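Position 662, counted from 1, in the sequence shown is what full-length UniProt numbering calls 662; the numbers after and before it change by one each time, with no gaps.
In this text, a Cβ means the ideal position worked out from N, Cα and C, and glycines have one as well.
Values in this document were obtained by computation on a predicted structure and should not be read as measured data.
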Amino acid sequence: MVLDVKSEFERVAAALGPAASASQLLIAASTAAEQRCLEASTRRALLQETPSPSSSSPLSSASSLSSMLGGIDLGNLFGSLDIGGGGALSRSGSGSSLGSRGSLGNLSGGGGGSPGSGNGSSGGAARSPGSTSGGGGGSGSRHAFLATRSVGEVGRWLLNHLSEDPSDPSKLKWLTKMAGDLTSAGVVEVLDRCDRSNERTRTNNGEDRSPGGVFSKEAKRYLAERKRAAASLVAASAPPPAAPPPLRSYQRDVVGLVSLSWGLPLTPDVTADGGGGRAMQLFRSYDNWPGNWLVCAPTGSGKTRIFAEVIRACVENRRPGAGYLALVLVPRVLLTEQHESFLADVGLRARGVQLASHCGDTNPLTRNAWAALRALKAGGGAAAVVVTAASVLNLLNAPGVVEAGDVDLLVLDEAHHCQEDHPYRHVADRLMQAARSGGARLRVLAVSASPADDESEYGLKLKMTDLKSRLNARLHVVPEDAPEVAAVLASARKVEVHVGMRRVDMALMENMRALTIEVTLDLGDALEKAAPGAPPAAAAAIQQVLQALLQAAVLRSDGQYDESTFGAWLKNCSELAEKERCAHLQRACKLLDVMRKATWLVEDGGFEGALPYLARKAAALRQEEADEAGGSGGGGWDVGLRVSELVRRVLEDPVSSLLAGLGAGAREVVRDCFASGQLKERTFPKFWALLEYLEQYKGHSKRDSLRGMVFVRTRQAMYHVADMIRRSSQLSFFEVLEVTGHAAAAKSRAFRGAGDRHGRGMSDSEQRRVLRMFKAGGGRADASGGAKLLVATSAPEEGVDVPSCEFVVRYNAAATGIQLLQSMGRARQRVSEFVAILQDNTLDRRLHRSSQARVQNLRQYMRDNTPSPSPLVLA
Numbered sequence: 001m002v003l004d005v006k007s008e009f010e011r012v013a014a015a016l017g018p019a020a021s022a023s024q025l026l027i028a029a030s031t032a033a034e035q036r037c038l039e040a041s042t043r044r045a046l047l048q049e050t051p052s053p054s055s056s057s058p059l060s061s062a063s064s065l066s067s068m069l070g071g072i073d074l075g076n077l078f079g080s081l082d083i084g085g086g087g088a089l090s091r092s093g094s095g096s097s098l099g100s101r102g103s104l105g106n107l108s109g110g111g112g113g114s115p116g117s118g119n120g121s122s123g124g125a126a127r128s129p130g131s132t133s134g135g136g137g138g139s140g141s142r143h144a145f146l147a148t149r150s151v152g153e154v155g156r157w158l159l160n161h162l163s164e165d166p167s168d169p170s171k172l173k174w175l176t177k178m179a180g181d182l183t184s185a186g187v188v189e190v191l192d193r194c195d196r197s198n199e200r201t202r203t204n205n206g207e208d209r210s211p212g213g214v215f216s217k218e219a220k221r222y223l224a225e226r227k228r229a230a231a232s233l234v235a236a237s238a239p240p241p242a243a244p245p246p247l248r249s250y251q252r253d254v255v256g257l258v259s260l261s262w263g264l265p266l267t268p269d270v271t272a273d274g275g276g277g278r279a280m281q282l283f284r285s286y287d288n289w290p291g292n293w294l295v296c297a298p299t300g301s302g303k304t305r306i307f308a309e310v311i312r313a314c315v316e317n318r319r320p321g322a323g324y325l326a327l328v329l330v331p332r333v334l335l336t337e338q339h340e341s342f343l344a345d346v347g348l349r350a351r352g353v354q355l356a357s358h359c360g361d362t363n364p365l366t367r368n369a370w371a372a373l374r375a376l377k378a379g380g381g382a383a384a385v386v387v388t389a390a391s392v393l394n395l396l397n398a399p400g401v402v403e404a405g406d407v408d409l410l411v412l413d414e415a416h417h418c419q420e421d422h423p424y425r426h427v428a429d430r431l432m433q434a435a436r437s438g439g440a441r442l443r444v445l446a447v448s449a450s451p452a453d454d455e456s457e458y459g460l461k462l463k464m465t466d467l468k469s470r471l472n473a474r475l476h477v478v479p480e481d482a483p484e485v486a487a488v489l490a491s492a493r494k495v496e497v498h499v500g501m502r503r504v505d506m507a508l509m510e511n512m513r514a515l516t517i518e519v520t521l522d523l524g525d526a527l528e529k530a531a532p533g534a535p536p537a538a539a540a541a542i543q544q545v546l547q548a549l550l551q552a553a554v555l556r557s558d559g560q561y562d563e564s565t566f567g568a569w570l571k572n573c574s575e576l577a578e579k580e581r582c583a584h585l586q587r588a589c590k591l592l593d594v595m596r597k598a599t600w601l602v603e604d605g606g607f608e609g610a611l612p613y614l615a616r617k618a619a620a621l622r623q624e625e626a627d628e629a630g631g632s633g634g635g636g637w638d639v640g641l642r643v644s645e646l647v648r649r650v651l652e653d654p655v656s657s658l659l660a661g662l663g664a665g666a667r668e669v670v671r672d673c674f675a676s677g678q679l680k681e682r683t684f685p686k687f688w689a690l691l692e693y694l695e696q697y698k699g700h701s702k703r704d705s706l707r708g709m710v711f712v713r714t715r716q717a718m719y720h721v722a723d724m725i726r727r728s729s730q731l732s733f734f735e736v737l738e739v740t741g742h743a744a745a746a747k748s749r750a751f752r753g754a755g756d757r758h759g760r761g762m763s764d765s766e767q768r769r770v771l772r773m774f775k776a777g778g779g780r781a782d783a784s785g786g787a788k789l790l791v792a793t794s795a796p797e798e799g800v801d802v803p804s805c806e807f808v809v810r811y812n813a814a815a816t817g818i819q820l821l822q823s824m825g826r827a828r829q830r831v832s833e834f835v836a837i838l839q840d841n842t843l844d845r846r847l848h849r850s851s852q853a854r855v856q857n858l859r860q861y862m863r864d865n866t867p868s869p870s871p872l873v874l875a
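Below, the structure written as structure tokens:
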């Protein structure tokens, strides 16, 4: 099914009338189209909701337009501009009307009330932050009431009970989904947990959680516990797992080498086919090294199996009565569940090793979880725990939780992260230091396909030396040109596609950069005027921000500003606004951030991607300002600059706005932003190159099992590319899934409307569910025929194993050699393709050449340090 946003544009245009300006049409259509895109997105699929059928006729009433705009007031949406003419929008006072189509008034709508009357809901009593009680009786009365209600009614009851915003439709959808997942008994249990919860403040900023926030956290934990309990029951009743395949010769060599180094007897799997003799030769060639190991092996060669067998050898040869704890660090949430499942598949659980994975909010590595692991070990049990480094670092930062000797084996998967300020480095340093101080023995096994990279050979040698020294490890290389290694690796054909950049996009980027600097300077003037009214500490902070602005708001000779300098200044200014609770300053900073990201989006999506994104975000900010009725948000001082004034200048001013230079052609440009169906070659060249490449798979002989990945640099561009693929009838045979991480920026104060995908990331559980959907066989019951395409940021770039992945496309050039190697490694079919789309007048070509040079440096380093005659030995 094609995502039809063109019809959405036509309905909005008909509702507004011909007198509407191009900017007003852009703002309204962008807001309406996002609702349709959200319905088609992976996030909607995760909620397991069916999109409401859209009307096939043009809008005939303002209420239809209001539903399309997601509750945003048109008067605020369009600021103070008027549209004259019969039947067109006019502004008078605080109300709005659409001519004869009737009064628009407040378009926010209303959320569903509580089901029936006398239902024991919370009533109007105010509750303290985080509290979910507020009436409704105890567990028994709650259950008696909820058990007789439909899922929809329970969702509406929760909306009222938790004091969530009834004007936000996504809240009711979410709570209805929760009601269905939890069942009435689960809802009661979660509410009881909320009442007992001691996590009523956020860990990142110390602010109080809302009742809905506490409910969300406890519901996720409850569902995760229920899922694990069900999995345990299934595992207990399942037949013993099939024996894993025999180790390949190079895997036997590595496992044997590490085992001998650590004084462990060789297992029969290692000694098969003379593997024991080769392992002994390797061990002697390293001068009987007894310490830690850094193993470099190509992606797809089976590194996970190597460290699984090392864990097995360590556990099976521990002292009688002693316990054992192996900690496997992974860089991405997506790898926790994948690695735990793999360790079970190769038989560790069947051999009595308790397996677990921890990450994020749904299944965090808590103090209680760590205490349980220590108790298991003290009782002689063994466990292997897969966890993100950030989760372990949180425990290490809590005094007295992790002690010397707790961890026996530390496995660093994707060990190239163990550098600079990454949590990997801090966890390794802290655990190794604790072991040394406490007289305990900690073994470390680090694995990576790309342990380091640098543009110069000398820089690479320094990084490798530092990494080996930090881990107290020797390096062993499994070379990719060894016969048995080459026999199992995918041989991806590398393709480069070069595209130009349209003049209209280059002009838009230049204008957006100039406008960004203008708005920044205006904000600086407003800060300078506000400084005398600020307290002394705030005034000093303002002066620091103003000093930094002098370096940040400078356009170079090439018409660009220094991105890192500007980003650092904007971060500091935003933090000042948040600390001082200056609402107008916060919104101005948000608008600058939106303008910056929209400029990036021009490079990745053309004006078709950048203008709707900017318009929609700007409208949300203006609505936020109107909702707060011009208040300062609680602070004692604030800037006098209003975001509504800035939005008018950027989007609506007939002289200075982004659309002003297009004249009569502005309306056609706006129309092109909402193209769908049979896309034409005049579309953004970079996306057109992607479309042409993907279209060749339409006649694929095994389309039911076809899988491919497209890596995109930013979250905003990722969603735009995914939407464009859905909007193209040429690519309707693909089921498109998106996955992105949950960076710190996504956790900051969100824009109005929780349905805005671009301002938030994906939770841990959402990422894992998307990956399972991508790997699963079959597909939609339409023309897609099971072919699936994953459009992603860097979240699944490392270690994610999709054996059926036939092609990988880098929509943006890799920034480093490590990134290039890792993304190439996702193409796992024996005959596969790796495609890089490189755009003129951008960083694509330079970054691609640089990353290629870094890869070659790393490969040469490995070859230079592998002595003859054995290709498996590296001193």
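Label residue i either buried or exposed according to how many other C-beta atoms from any shown protein chain fall within 10 Å of its C-beta, with 16 as the threshold for buried.
| i | result |
| --- | --- |
| methionine 1 | exposed |
| valine 655 | exposed |
| residue 879 | Within the shown structure, residues of the chain are numbered from 1 to 875, placing residue 879 beyond reach of any answer. |
| valine 855 | buried |
| serine 60 | Annotation note: pLDDT 36 at serine 60 (below 50); position unreliable, coordinate value reported separately. Result: exposed. |
| residue 882 | The requested residue 882 is not part of the displayed model; the chain covers only 1 to 875. |
| arginine 503 | exposed |
| lysine 579 | exposed |
| histidine 498 | exposed |
| serine 676 | buried |
| tyrosine 861 | buried |
| arginine 228 | exposed |
| leucine 550 | exposed |
| tyrosine 613 | buried |
Can you tell which of the options has its C-alpha closest to the C-alpha of residue i?
| i | options | result |
| --- | --- | --- |
| valine 295 | Arg312, Val407, Leu191 and Leu412 | Leu412 |
| leucine 686 | Arg319, Asp864, Gly777 and Asn812 | In the sequence as displayed, the identity of residue 686 is lysine instead of leucine. Ranking Arg319, Asp864, Gly777 and Asn812 by Cα distance to lysine 686 puts Asn812 first. |
| alanine 40 | Leu820, Ile725 and Asn857 | Ile725 |
| arginine 703 | Tyr719, Leu731 and Phe684 | Leu731 |
| alanine 344 | Lys788, Ala322 and Leu355 | Leu355 |
| histidine 700 | Lys788, Ala279, Phe283 and Arg312 | Lys788 |
| lysine 173 | Ala618, Leu182, Arg156 and Thr183 | Arg156 |
| leucine 334 | Ser644, Arg845, Glu225 and Val739 | Val739 |
| leucine 337 | Pro536, Ala384, Glu403 and Phe734 | Here residue 337 turns out to be glutamate, not leucine, going by the sequence shown. The shortest C-alpha separation from glutamate 337 is found at Ala384. |
| alanine 350 | Tyr697, Gly275, Arg278 and Ala242 | Ala242 |
Considering residue i, what are the terminal residues of the beta strand (DSSP E) in which it resides?
| i | result |
| --- | --- |
| cysteine 805 | 805 to 810 |
| methionine 709 | 707 to 711 |
Report the partner residues of residue i according to the DSSP bridge assignment.
| i | result |
| --- | --- |
| threonine 388 | Val330 |
| valine 499 | Gln839 |
| glycine 677 | Ser728 |
| leucine 475 | Leu294 |
| alanine 792 | Phe711 and Val739 |
| leucine 325 | Ala383 |
Span of the alpha helix (DSSP H) holding residue i?
| i | result |
| --- | --- |
| arginine 443 | From DSSP, arginine 443 is part of no alpha helix (DSSP H) but of the beta strand (DSSP E) over 443 to 448. |
| aspartate 627 | 583 to 627 |
| serine 357 | That residue, serine 357, is in no alpha helix (DSSP H); its beta strand (DSSP E) goes 353 to 358. |
| glutamate 484 | 483 to 488 |
| methionine 862 | 844 to 864 |
| proline 536 | 536 to 552 |
| phenylalanine 9 | 6 to 16 |
| arginine 252 | 249 to 261 |
| serine 574 | 563 to 580 |
| alanine 685 | For the record, residue 685 in the displayed sequence is proline; it is not alanine. 685 to 695 is the extent of the alpha helix (DSSP H) around proline 685. |
Length at least 4, wholly inside the segment 290 to 323: the alpha helix (DSSP H) runs in chain order:
303 to 316
Output the residue ranges of the alpha helix (DSSP H) runs that lie fully inside the segment 156 to 210 and measure 4 residues or longer, sorted by chain position.
169 to 196
Uninterrupted alpha helix (DSSP H) stretches inside the segment 383 to 433 (no shorter than 4 residues)
389 to 396
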